[in-house]
Amino acid sequence: MTEVPQGGRGGNRRALDYDTKGDDGMSTYLELDIDSVVRIGLMYLDGDRFEEVLLDRHGHTDYDFARFTDVKNDLTRLENINPKLNLCAVLWQLHPANRQVAIPVVAGKSLPLEEWTRTAASPEMLSVMESGRPQVKKRNASRISRYYPVRNSDDEIVGILELLQGMEQIEDL
1 MTEVPQGGRG GNRRALDYDT KGDDGMSTYL ELDIDSVVRI GLMYLDGDRF EEVLLDRHGH
61 TDYDFARFTD VKNDLTRLEN INPKLNLCAV LWQLHPANRQ VAIPVVAGKS LPLEEWTRTA
121 ASPEMLSVME SGRPQVKKRN ASRISRYYPV RNSDDEIVGI LELLQGMEQI EDL
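To convert, note that position 23 of the sequence shown is 23 in UniProt numbering; the numbers rise steadily by one, no gaps.
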């Protein structure tokens, strides 16, 4: 068993990394279900850093690349907690001038199904932003999107984590 330092909004929290099933009967990461993966993954995600990824410079959207890279690494780490789940992670923000429009800000190993375009926020995304509770959207027979709130250190919801399951083709980023 090794300790993995956590940087996200939990500060000095540590998660225990059970890389093999020990004599104590503890589960390995490969046995974790999606809800357990999300609980661990959200400890990695720093909502404060994510909140500051997009910059508005003279009316044009730009990225803070240091923060973008940190958040992308966090998403990749989350996707790889249990590789058997084959998750694709995307972080969304609602447009500040029109809360009905969602913007994919950072993606892990694959683009979202909507590509990199601004899109109408789904009812599930809006519900996550309003209620702070996870939502599930069945996209077709094999694809499921799960949405979770991303919070900053003030406990405000600053974005939405989408985990896609059932992607037949991964567009490698």
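From the three backbone atoms N, C-alpha and C, an ideal C-beta is built for every residue, glycine too.
Residue i, DSSP secondary structure in three states
i	result
Glu162	strand
Leu91	strand
Ser122	coil
Asp64	coil
Lys138	strand
Leu54	strand
Pro83	helix
Ser110	coil
Ile157	strand
Arg151	strand
Arg146	strand
Nearest-angstrom Cβ-Cβ length linking residue i and residue j, presumed shorter than 8 Å
i	j	result
Val38	Tyr148	6 Å
Glu79	Arg67	At roughly 19 Å, the Cβ-Cβ gap does not stay under 8 Å, so Glu79 and Arg67 are not in contact.
Ala102	Leu94	6 Å
Ser122	Lys137	6 Å
Asp74	Tyr44	5 Å
Val150	Leu161	5 Å
Pro104	Pro112	5 Å
Among the options, the one whose alpha carbon lies nearest that of residue i
i	options	result
Ser153	Leu91, Thr76, Asp46	Asp46
Trp116	Lys137, Trp92, Arg99, Ala97	Trp92
Asp155	Lys137, Gly132, Asp62, Val136	Gly132
Gly159	Glu124, Ala141, Asn140	Glu124
Glu130	Pro83, Ile157, Val90	Ile157
Neighbourhood of residue i by C-beta, 6 Å cutoff - its chain only, sequence neighbours within 5 removed
i	result
Arg143	Gly166
Ser127	Gln135
Asp48	Asn152, Ser153
Lys72	Val106
Thr119	Ala102
Glu114	none
Nonlocal neighbours in the same chain, by C-beta distance under 7 Å from residue i, ignoring five residues either side
i	result
Leu85	Ile34, Val37, Gln165
Asp23	Below a pLDDT of 50, predicted positions are generally treated as unreliable, and Asp23, at 48, falls in that range; no measurement from the model is reported.
8 Å Cβ shell around residue i - same chain, five flanking residues per side excluded
i	result
Ile81	Tyr29, Leu32, Val37, Ile40, Gly41
Asn98	none
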